[in-house]
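Heads up, the thing below is written out as structure tokens.
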């Protein structure tokens with residue numbers, strides 16, 4: 010939740026013919042990119058924990074404008 014407002018995952022790109030060791034491109038709002046580099050290992054760990062196997066091996070960070078998240082109904 011802490012980083013969700015300033016980042017957005019694009020997709021997981023796997024090497025040809027494999028379903029592990031993928032790359033996660035992550036769009037990050039401007040000045041938050043250096044901070045996201047420090048937490049990239051934790052992101053990889055959490056994504057892999059979610060999938061139950063080593064789906065992601067690295068995170069590629071690119072700076073982009075992140076649209077605001079849609080409001081949740083209360």
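Numbering (our numbering), first residue to last: 10 to 83.
The beta-carbon is built from N, C-alpha and C at its ideal position, and this holds for glycine as well.
Taking only the alpha-carbon atoms, compute the straight-line gap between residue 53 and residue 27 and give it to the nearest angstrom.
17 Å
Using three-state DSSP, classify residue 110 as helix, strand or coil.
Any answer about residue 110 is impossible in this case: the structure gives the chain only from 10 up to 83.
Name, in chain order, the residues that DSSP records as bridge partners for residue 17.
36
Compute the beta-carbon to beta-carbon distance between residue 72 and residue 37, rounded to the nearest angstrom, for a pair I have assumed lies under 8 Å.
Approximately 6 Å separates the beta-carbon atoms of residue 72 and residue 37; this is inside 8 Å, confirming the contact.
Comparing the CB of residue 69 with every heavy atom of the ligand ATP, is any distance shorter than 7 Å?
The ligand ATP is not part of this structure, which contains no ligands at all.
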